[in-house]
C-alpha cells in the first residue's frame with residue numbers, strides 16, 4: 014500500500030512517500046498500523062488514545078473515508094493510494 018505524507022508528517026517520517034505491506038483483505042486501519050510500525054514517531058502526531066486526531070486528515074484515493082467510506086474500516090484494494098495531512102494554514 015502506498016502512503017503519501019505531507020508537511021510535518023513527512024518531516025517526522027523522513028520521507029514523503031512510504032510503501033507498506035498489508036494483507037490482500039486489508040482495511041485502512043491495517044494500512045495505518047503498518048505505517049506506524051514503519052515510522053513509530055508518527056503515532057503521537059496521528060493518534061490520540063488510539064483514535065485518529067481530529068485535526069489529521071486521512072485520504073483514500075483522494076476521498077475522505079470518514080465521509081465517503083467506512084472510516085478506518087474502509088476496505089483497500091491493491092494499488093490504492095493513501096495520504097495523511099496534518100493541519101495546514103497559510104496566508
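Residue numbers (the working numbering): 14 to 104. For each residue, glycine too, the CB sits at the ideal point set by N, CA and C. Nothing here was measured: the structure is a model prediction, and the numbers come from that model.
- Task: Assign residue 26 to buried or exposed, taking buried as 16 or more other Cβ atoms, counted over all protein chains shown, within 10 Å of its Cβ.
- Result: Looking at its Cβ environment, which holds 16 or more other Cβ atoms inside 10 Å, residue 26 is buried.
- Query: Just the Cα atoms here: how many angstroms apart are residue 86 and residue 41?
  - Reply: 6 Å
- Query: Quick one: Cα of residue 61 to Cα of residue 81, how far?
  - Reply: Cα to Cα, residue 61 sits roughly 23 Å from residue 81.
- So residue 95 packs on residue 15, CB below 8 Å; how close in whole Å? About 7 Å separates the two Cβ atoms, so the contact holds.
- Task: On a CA-only basis, which of 79, 23, 74 and 101 is nearest residue 53? Give me that one, please.
- Result: 23
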